[in-house]
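All residue numbers for the sequence shown refer to the numbering used here, where the first residue is 28 and numbers rise by one.
Accompanying notes for the structure given below.
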Amino acid sequence: IGAGAGQDASRAKGYGVLAMDYLFEAVFSYSWGPVTWVYASEIFPQHVRGKAMAVSTTISWAFNFVAAQTSPLLLTNVGWPSFLIYGGVCLFGSAGIYWAFPETKQKSFEEIDMMFREKKSKVRFESQSNGSMHNIESTA
């Protein structure tokens with residue numbers, strides 16, 4: 028009876044992990060998954076959008092690669108607390124997004140461009156249309 032009960036418990040844990048994985052995929056695909064692609068395509072000015080999307084896509088895939096390569100090592104060496112590490116990264120990232128990224132819902136590209144121009148920053152970019160350099164400075 029003892030060996031059978033252990034196998035049943037192990038099988039139940041496996042089903043639990045599988046259910047949580049499916050739940051994560053469903054929630055992620057509905058919420059955070061597409062946000063990075065949509066937001067990145069909205070925030071860049073038209074004349075740099077293609078190159079900026081290439082850079083943001085490369086960075087996204089680089090972080091995905093790092094997460095995929097470190098997950099097995101963390102699980103093997105740290106065990107279940109590695110999920111606390113991932114949870115901390117998610118909380119830190121969510122706080123950063125909340126305070127650093129303005130809402131772009133139902134705004135035109137021009138309105139979004141003005142939102143970023145009004146931020147406290149210096150941005151230097153080259154216009155592809157006429158080759159001139161633009162400096163955007165704001166005291167807001």
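Think of the CB as a built atom: it goes at the ideal place given N, C-alpha and C, for glycine as much as any other residue.
A quick note: this is a predicted structure, and the numbers were derived from the prediction, not measured.
Using three-state DSSP, classify residue 103 as helix, strand or coil. Along the sequence shown, read from residue 1 onward, the residue named residue 103 stands at position 76. It is helical.
Count the other CB atoms, across all protein chains shown, that sit within 10 Å of the CB of residue 71; report buried if there are 16 or more and exposed otherwise. Working through the sequence shown from its first residue, we reach residue 71 at position 44. Buried, because 16 or more other Cβ atoms sit within 10 Å of the Cβ of residue 71.
Report yes if the C-beta distance between residue 63 and residue 87 is below 8 Å; otherwise report no. The residue labelled residue 63 in the question sits at position 36 within the sequence shown. The residue labelled residue 87 in the question sits at position 60 within the sequence shown. Contact: yes.
With a Cβ-Cβ cutoff of 8 Å, do residue 129 and residue 142 count as a contact? In the sequence shown, the residue the question calls residue 129 occupies position 102. In the sequence shown, the residue the question calls residue 142 occupies position 115. Their beta carbons are under 8 Å apart, which means residue 129 touches residue 142 by this criterion.
Through-space distance from residue 73 to residue 48, alpha-carbon basis: As a first step, residue 48 is located in the sequence shown; it is residue number 21 there, counting from the start. As a first step, residue 73 is located in the sequence shown; it is residue number 46 there, counting from the start. Roughly 38 Å separates the two Cα atoms.
Got a sec, what are the start and stop residues for the alpha helix (DSSP H) residue 119 sits in? Counted from its first residue, the sequence shown places residue 119 at position 92. Residue 119 -> alpha helix (DSSP H) spans 109–127.
Give the secondary structure of residue 40 by DSSP, where H, G and I count as helix, E and B as strand, and everything else as coil. Within the sequence shown, numbered from 1, the residue matching residue 40 stands at position 13. Helix, per DSSP.
Give the straight-line distance between the Cα atoms of residue 125 and residue 119, rounded to the nearest whole angstrom. Taking the sequence shown and counting its residues from 1, one reaches residue 125 at position 98. Taking the sequence shown and counting its residues from 1, one reaches residue 119 at position 92. Between residue 125 and residue 119, the C-alpha separation is close to 10 Å.
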